[in-house]
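Note sheet for the following structure.
Residue numbers (this note's numbering): 85 to 397.
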């Protein structure tokens with residue numbers, strides 16, 4: 085798990101405490117934030133670490149095959165069908181990770197609830213229950229309570245899963261980890277291509293809001309490794325979606341030979357407009373005082389190019 089931000093340190097501490105128990109865990113977080121990585125870390129730090137870790141993407145399960153996939157199927161249940169164990173049995177003495185559990189149908193939710201309550205399953209076509217000893221970890225990118233209120237998730241299953249939660253923060257909430265993650269992904273692909281990250285490219289990566297989280301950052305680095313024409317990952321090697329705001333704000337200032345005060349004033353105006361002309365919110369975004377913001381907004385850039393004396397100064 086990469087990152088030294090306060091949020092990541094808090095997440096590691098919570099994982100260490102929760103891993104020592106055998107309780108069912110609910111992991112919440114946006115898509116691409118690293119929920120499966122957290123689940124694997126919980127397993128590796130638990131007393132069950134020598135047992136199997138079985139991951140199931142509930143969103144990819146076909147409705148008619150959910151029961152067979154999770155609980156297994158008996159031999160000769162139907163013509164040409166071979167008996168096999170389900171995911172619950174595969175995870176015996178280990179951990180079963182159910183990703184995107186919110187995508188299960190109501191019928192599948194009912195079957196899952198019974199299995200978790202009794203810790204026993206019945207194979208499709210079987211006539212007897214089988215005891216299983218597995219820890220359940222579930223994950224979702226949608227708040228389950230909101231789905232319960234809209235009638236899209238069973239209340240009793242929610243209470244069975246809710247209680248021990250781990251929240252995975254989005255990447256935009258821990259921007260100080262972007263540089264370490266970017267260097268980690270570059271190092272991982274060093275066998276393919278050795279690249280160094282330029283300061284401008286790093287600034288653009290940190291400024292981006294990362295709707296796809298860590299997964300998106302990894303793809304961006306892979307793209308740069310494949311397409312970069314030099315040994316440095318430059319601003320031009322990044323997708324327009326990432327460099328757009330950076331290029332729109334910074335490069336015109338460089339070309340116009342603006343002073344730091346002029347550039348700061350223009351940037352403050354852009355943030356101020358983005359905040360709906362709310363000075364208090366703009367001050368928080370910029371990390372400056374109210375009086376400093378007023379000075380930036382009142383500043384009038386020079387109408388002429390600076391002279392040689394000013395440049396020398």
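Beta carbons are placed, not taken as given, at the ideal position from N, Cα and C, and that holds for glycine.
A quick note: this is a predicted structure, and the numbers were derived from the prediction, not measured.
Please name the residue, chosen from the options, that lies closest to residue i on a Cα-to-Cα basis.
| i | options | result |
| --- | --- | --- |
| residue 120 | 212, 200, 199 and 298 | 298 |
| residue 114 | 237, 273 and 300 | 300 |
| residue 126 | 285, 362 and 96 | 96 |
| residue 194 | 243, 92, 140 and 123 | 243 |
| residue 307 | 246, 295, 321 and 294 | 321 |
| residue 273 | 284, 323 and 304 | 304 |
| residue 325 | 288, 132 and 186 | 288 |
| residue 90 | 319, 255, 230 and 323 | 255 |
| residue 447 | 319, 198 and 118 | Because residue 447 is not part of the residues shown, which for the chain are 85 to 397, the question remains open. |
| residue 124 | 85, 240, 260 and 146 | 85 |
| residue 235 | 200, 189 and 212 | 189 |
| residue 228 | 94, 150 and 247 | 247 |
| residue 200 | 130, 211 and 106 | 106 |
| residue 102 | 88, 147 and 130 | 130 |
| residue 132 | 141, 245 and 104 | 104 |
| residue 283 | 319, 99 and 362 | 319 |
Is the CB-CB distance between residue i and residue j below 9 Å?
| i | j | result |
| --- | --- | --- |
| residue 152 | residue 208 | yes |
| residue 316 | residue 365 | no |
| residue 159 | residue 166 | yes |
| residue 183 | residue 203 | no |
| residue 290 | residue 263 | yes |
| residue 353 | residue 381 | yes |
| residue 237 | residue 186 | yes |
| residue 383 | residue 349 | yes |
From the DSSP output, in three-state form, read off residue i for me.
| i | result |
| --- | --- |
| residue 48 | What the structure shows of the chain is the stretch from 85 to 397, and residue 48 is not part of that stretch, so it cannot be assessed. |
| residue 378 | helix |
| residue 200 | helix |
| residue 99 | helix |
| residue 402 | Residue 402 is absent from the model: the chain starts at 85 and stops at 397. |
| residue 387 | With a pLDDT of 47 at residue 387, under the threshold of 50, the predicted position of this residue should be treated as unreliable, and no value is reported. |
| residue 183 | strand |
| residue 193 | helix |
| residue 341 | coil |
| residue 399 | Residue 399 lies beyond the range of the chain shown here (85 to 397); nothing can be said about it. |
| residue 392 | Here the model assigns residue 392 a pLDDT of 40, short of 50, so the residue's position is not dependable and the matter cannot be decided. |
| residue 397 | In this predicted model, residue 397 has a pLDDT of only 43, less than 50, meaning its place in the structure is not dependable; the value taken from the coordinates is given anyway. If DSSP states are grouped into helix, strand and coil, residue 397 belongs with coil. |
| residue 139 | strand |
| residue 285 | helix |
| residue 156 | strand |
| residue 269 | helix |
| residue 134 | coil |
| residue 87 | coil |
| residue 169 | strand |
Would you please state the rounded distance, in angstroms, between the beta carbons of residue i and residue j? I believe it to be under 8 Å.
| i | j | result |
| --- | --- | --- |
| residue 172 | residue 154 | 6 Å |
| residue 116 | residue 265 | Not really, about 12 Å apart at Cβ, beyond 8 Å. |
With three or more beta-carbon pairs closer than 8 Å as the criterion, would you say the region 244-255 touches the region 267-274? Result no; under three Cβ-Cβ pairs closer than 8 Å.
Does the structure place the region 166-186 close enough to the region 133-153 that three or more beta carbon pairs sit under 8 Å? With the cut-off at 8 Å, the region 133-153 and the region 166-186 touch.
Does the region 103-116 come close enough to the region 212-232 that 3 or more CB-CB pairs lie under 8 Å? Touching, yes, given that three or more Cβ pairs across the two stretches are closer than 8 Å.
Contact between the region 341-356 and the region 301-315 is defined here as three or more beta-carbon pairs at a separation below 8 Å; is this criterion met? In short, these stretches do not touch, since the Cβ pair count stays below three.
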